[in-house]
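Undergrad:
Residue numbers (the working numbering), protein chains in the order written: chain P, 1 to 189; chain U, 190 to 313.
(1) Just to confirm the assignment, what range does the alpha helix (DSSP H) spanning residue 213(U) have?
(2) What's the gap between the Cα of residue 193(P) and the Cα of residue 244(U)?
(3) Would you verify that the beta carbon of residue 162(P) is, or is not, closer than 8 Å to some beta carbon of chain U?
(4) Please tell me whether residue 211(U) has its Cβ less than 8 Å away from any Cβ of chain P.
(5) What does the Cβ neighbour count give for residue 129(P), buried or exposed, with the cut at 16 atoms within 10 Å?
(6) DSSP state of residue 130(P), grouped into three classes?
(7) Going along chain P, which residues have a C-beta under 7 Å from residue 225(U)?
(8) Give me the Cα-Cα distance between residue 172(P) and residue 183(P), rounded to the nearest whole angstrom.
(9) For residue 230(U) and chain P, any beta-carbon pair shorter than 8 Å?
(10) CB-CB under 6 Å to residue 149(P), same chain, minus the five flanking residues each way: which ones, in chain order?
(11) List, from N- to C-terminal side, the alpha helix (DSSP H) runs of 4 residues or more that fit wholly inside the segment 6–91 of chain P.
(12) Would you mind telling me which residues of chain U sit closer than 8 Å to residue 137(P), beta carbon to beta carbon, in chain order?
(13) Any contact between the segment 72–89 of chain P and the segment 131–145 of chain P? By contact I mean 3 or more CB pairs, one from each, below 8 Å.
(14) Which bits of chain U does residue 252(P) rub up against, with CB to CB less than 8 Å?
(15) Flag this pair as yes or no: are the beta carbons of residue 31(P) and residue 4(P) separated by less than 8 Å?
(16) Would you kindly work out how many angstroms separate the C-alpha atoms of residue 211(U) and residue 35(P), rounded to a whole number?
(17) Checking contacts by CB at 8 Å: is residue 57(P) closer than that to chain U?
(18) Taking the C-alpha atoms as reference points, what is the distance between residue 73(P) and residue 56(P)?
(19) Residues of chain P with CB under 7 Å from residue 236(U), in chain order?
(20) Are residue 28(P) and residue 241(U) close, meaning C-beta to C-beta below 8 Å?
(21) Output needed for residue 8(P): all residues of its chain with C-beta closer than 7 Å, excluding positions within five of it in sequence on either side, in chain order.
(22) Any C-beta of chain U sitting closer than 8 Å to the C-beta of residue 66(P)?
(23) Please classify residue 245(U): does DSSP put it in a helix, a strand, or coil?
(24) Against chain U, does residue 60(P) count as a neighbour if the rule is that its beta carbon must be under 8 Å from one of theirs?
(25) Where do the N-terminal and C-terminal ends of the alpha helix (DSSP H) with residue 151(P) fall, by residue?
(26) Quick one: using the 10 Å Cβ neighbour count with 16 as the cut-off for buried, is residue 260(U) buried or exposed?
(27) Alpha carbon to alpha carbon, what distance is there between residue 38(P) and residue 122(P)?
See the structure below:
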């Protein structure tokens, strides 16, 4: 029978650090999705995943089982990703590692190259738009759309009311549209 | 190159012509779905576990150091307290013995004539 999160956490707190591996394996993809949504960069997202789990391990004794482990991990991931974003935004322009890989695989005929270029530009427009959203709106839309959490779950992670989440999501969507429209226009002109 | 640019403009204009909310929303959904397909590198887990092990080892070493310091501290405290106890006992106990011995020696030096005589009389 598979162990519950609570049992694994107790094992780790009793000195069995290797049990942490099962937590990493179980939750790394969902944390990665949240991180990539915020950071829009694979390498940075992987760094954020690492920082999230290391932080969780160090502070595991402060986890009081009041919320679920996933909520607690999401909270750390969002904070770490936003922190990393703030640090990197001043120094680095965003990179699309995976995106470039996709384009390289599609370089077969001119029509597919053309398609790839358009896809890449679309991707850049979207990444720019997401990056321009305020932190709380970005976090809300990422948890809701990337991680497919319900409004209640998002409210638990962000420690706000469900109504506030609804409002954040609505504003995020509207802002995304507002940002994306002129960007597409500028490319057209 | 010109061909690509022309076609790109054509595609974008097509996108913009009907840039209603629905199209923008489907564009957003498409981009999100695309990003959701990216999977985390398997090396991330290894990186995390090596960091966790490093932290754990550092913590264990720190604890070992604390235990060693605590052991030597206990040893020093035991020795110091036994020296202090011995000294304080030594200071109080020999004083009374010395005093008694002194008094005894004085009394015997004063009255030993009488004892001696009595002893001589009795033996005689």
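Glycine included, C-beta positions come from ideal geometry on N, C-alpha and C.
TA: Checking against the coordinates, here is how it stands:
(1) 210–225
(2) This structure does not reach residue 193(P), given that chain P is present from 1 up to 189, and the question cannot be answered.
(3) For residue 162(P), not one C-beta of chain U is nearer than 8 Å to its own C-beta.
(4) For residue 211(U), no Cβ of chain P is located within less than 8 Å of the residue's own Cβ.
(5) buried
(6) helix
(7) Within chain P, the residues whose beta carbon sits less than 7 Å from that of residue 225(U) are 33 and 146, listed in sequence order.
(8) If you take the alpha carbons of residue 172(P) and residue 183(P), they lie about 17 Å apart.
(9) Put simply, the CB of residue 230(U) is near chain P, with a gap under 8 Å to one of its CB atoms.
(10) Excluding five sequence positions before and after residue 149(P), the CB atoms of its chain that fall closer than 6 Å to its own CB belong to 143, given in chain order.
(11) 20–39, 42–58 and 69–89
(12) Correct list: empty, because the minimum Cβ distance to chain U is about 13 Å.
(13) yes
(14) Given a span of 1 to 189 for chain P in the structure shown, any question on residue 252(P) remains unanswerable.
(15) no
(16) 27 Å
(17) yes
(18) Cα-Cα distance, rounded: 7 Å.
(19) 50
(20) no
(21) 19, 22 and 23
(22) no
(23) helix
(24) Cβ-Cβ to chain U under 8 Å: no for residue 60(P).
(25) 151–158
(26) exposed
(27) So the alpha carbons of these two residues sit roughly 17 Å apart.
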